[in-house]
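Heads up, the thing below is written out as structure tokens.
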Amino acid sequence: LITSVDHVGIAVADLDQAIAWYAETLGLVATHTETNEEQGVREAMLSAPGDSGAQIQLLAPLRPDSAIGKFLDRNGPGIQQLAYRVTDIDAASAALRNKGLRLLYDEPRRGTAGSRINFVHPKDAGGVLVELVEPAADQAH
Ligand code: CMX
3 LITSVDHVGI AVADLDQAIA WYAETLGLVA THTETNEEQG VREAMLSAPG DSGAQIQLLA
63 PLRPDSAIGK FLDRNGPGIQ QLAYRVTDID AASAALRNKG LRLLYDEPRR GTAGSRINFV
123 HPKDAGGVLV ELVEPAADQA H
């Protein structure tokens, strides 16, 4: 059901500072930025120039009581999630539920660039917050 690693999500306090650090230090380019009110984040997707593989997602909180706000409070900046790409998130969610894993949402919600997302609770996935991403039809590659 999983086709690839889609992205690794990193919590940051200041999105613009982090984008600049990744560009100047590692040469990664921000290909997409957006605000997701429901998730309480401002986010950016970064890639190495010309690379169509897994991306780095920088996540900055819109509010202190958001998932990223709480993560920063507890841990400081760092890796917050690992996201796997799936072709059918409804089937993937059902398969994992059948194995006894807790999915955080009853139904997928809206993620980056119109994708559909859900999460496996980190306590059911070896301490890793696992995101499932079904890209929007026009974004799949
Ligand atoms: N990675 C690994 N473990 C984590 C974690 C993370 N990101 N976040 C919390 N935990 C651990 C905590 O350390 C804690 O462990 P202990 O009990 O051993 O101390 C436990 O999980 C807490 O679990 P909880 O009380 O059920 O939940 P929290 O209030 O800490 O929230 C979570 C955690 C995953 C439910 C919440 O962050 C969430 O709903 N995440 C999904 C949404 C999200 O992350 N959105 C931002 C990204 C948006 C996007 O990708 O587009």
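Per my numbering, the sequence shown starts with residue 3, numbered consecutively. Virtual Cβ for every residue (Gly too), placed ideally from N, Cα, C. Source: prediction; values computed, not measured.
Paired residues, beta bridge with residue i - DSSP
| i | result |
| --- | --- |
| Q19 | Answer is none; Q19 lacks a bridge partner. |
| H123 | Answer is none; H123 lacks a bridge partner. |
| T35 | A46 |
| Y86 | V7, L134 |
| G80 | A13 |
| I58 | V10, L48 |
| P63 | V43 |
The ligand ADP heavy atom lying under 6 Å from the CB of residue i
| i | result |
| --- | --- |
| G78 | Absence of the ligand ADP is noted for the structure shown, with the ligand CMX being the only ligands found. |
From the options, residue whose alpha carbon lies closest to that of residue i
| i | options | result |
| --- | --- | --- |
| A69 | A56, Q57, Q83, L30 | Q83 |
| V135 | R104, G128, D92, G129 | D92 |
| D65 | Y24, D75, V7 | Note that residue 65 corresponds to Arg in the displayed sequence, not to Asp. Of the candidates Y24, D75, V7, the one whose C-alpha sits nearest the C-alpha of R65 is D75. |
| T35 | F73, G29, R44 | R44 |
| S49 | G42, A32, Q41, L106 | A32 |
| T89 | Q141, E26, R104, G128 | Q141 |
| N120 | L106, G128, I81 | L106 |
| N38 | G113, A25, I81 | G113 |
C-alpha gap between residue i and residue j, whole angstroms
| i | j | result |
| --- | --- | --- |
| D108 | N100 | 14 Å |
| A13 | M47 | 12 Å |
| D18 | A56 | 21 Å |
| L131 | A22 | 26 Å |
CB contact flag (residue i, residue j, <7 Å)
| i | j | result |
| --- | --- | --- |
| R87 | T5 | yes |
| A20 | L60 | yes |
| I58 | V10 | yes |
| L3 | A97 | yes |
| A85 | E133 | yes |
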